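In my numbering, the protein residues as written are 164 to 426.
All residues carry an ideal CB built from backbone N, CA and C; glycine is no exception.
All of these numbers come straight from a predicted model, not from anything done at the bench.
I have placed the structure first, in the form of structure tokens, so that the comments after it can refer back to it.
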């Protein structure tokens, strides 16, 4: 009755089914791994954003690589902005996905070290891409700024190419090592995305809070893959039973057609 399972078509179908089951199970576990990663990342971000602000030099020093646990921590610094050596970071978007610049201003601390401050986004409204845009001035004199600590940007981590030969005072990446060479100063590792004081006239537009990743979606995908892995053998059995029934019905019809007509 089941000899048809030895046919080429059914052997291939059975082998494919046997391969699909472990593959789908592994995909489900991979999605659960992504769920755990995203859940942990969301918790780290939440903890960092709700933690009390601390002086920046308690978390970073010149040459320090900001760690995953230090990222997004709220820090404070006292000093003054050095607008004469300010640069803009190309090809950055705001909340509306409009392309413009981020304003990166050296902030000279009271001990002489330099903290890089991303003051926010401005539109690319200069006459040409080679012109330095009109940048709103920060508060003058000695002030205290607050921001979220961020690691240095690299091409490997961001996917942004560090293009050379850019117009004067324009950069592609925010990188404390590069800025230390340009400024000839002791620059703290990483940089901060400024959160306070808020700029007058809402410009530059402060960088938004980091969003949370949709970990629940990965959990749903994991369940989906495991259901698929269960559905494969169930579907195989249904196909076998259907084939068996169709063959049996065909055999009955052939037998009826072969019987001689009654006189």
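*asked:* Do residue 353 and residue 223 count as a contact pair if the criterion is CB distance below 8 Å?
replied: The answer is yes: Cβ separation under 8 Å.
### Message
Excluding the 5 residues flanking residue 287 on each side, which residues of the same chain have their C-beta closer than 7 Å to its C-beta?
### Response
Closer than 7 Å at the Cβ level, and outside the excluded window around residue 287, lie 262, 263, 264 and 296.
Status (buried if at least 16 other CB within 10 Å, exposed otherwise) for residue 404: That one is exposed.
Checklist entry - Mapping DSSP to helix, strand and coil, what is residue 189? => result If DSSP states are grouped into helix, strand and coil, residue 189 belongs with the helices.
Spatial neighbours of residue 377 within its chain, please: C-beta separation below 8 Å, excluding the five flanking residues on both sides.
Once the five neighbours on either side are set aside, the close Cβ partners of residue 377 are 201.
>> Per the DSSP calculation, residue 368 is bridged to which residue(s)?
In response: Bridge pairing for residue 368: 284 [DSSP].
Cα-Cα separation, residue 245 to residue 205: In a straight line, the C-alpha of residue 245 is about 35 Å away from that of residue 205.
Contact the stretch 332-346 vs the stretch 247-257: 3+ CB pairs below 8 Å: Short answer: they touch.
- Item | C-beta contact flag for residue 267 and residue 355 at 8 Å | No, they are not a contact pair.
Checklist line | As assigned by DSSP and simplified to three states, the class of residue 180 | finding: Residue 180 falls in the helix class under three-state DSSP.
Taking contact to mean 3 or more Cβ pairs, one atom from each stretch, closer than 8 Å, check whether the stretch 310-322 and the stretch 228-238 are in contact. They touch, by the three-pair rule.
Check your understanding: Shortest alpha-carbon distance to residue 181 belongs to which of 241, 193 and 394?
Key -> When 241, 193 and 394 are compared, the shortest CA-CA separation from residue 181 is found for 394.
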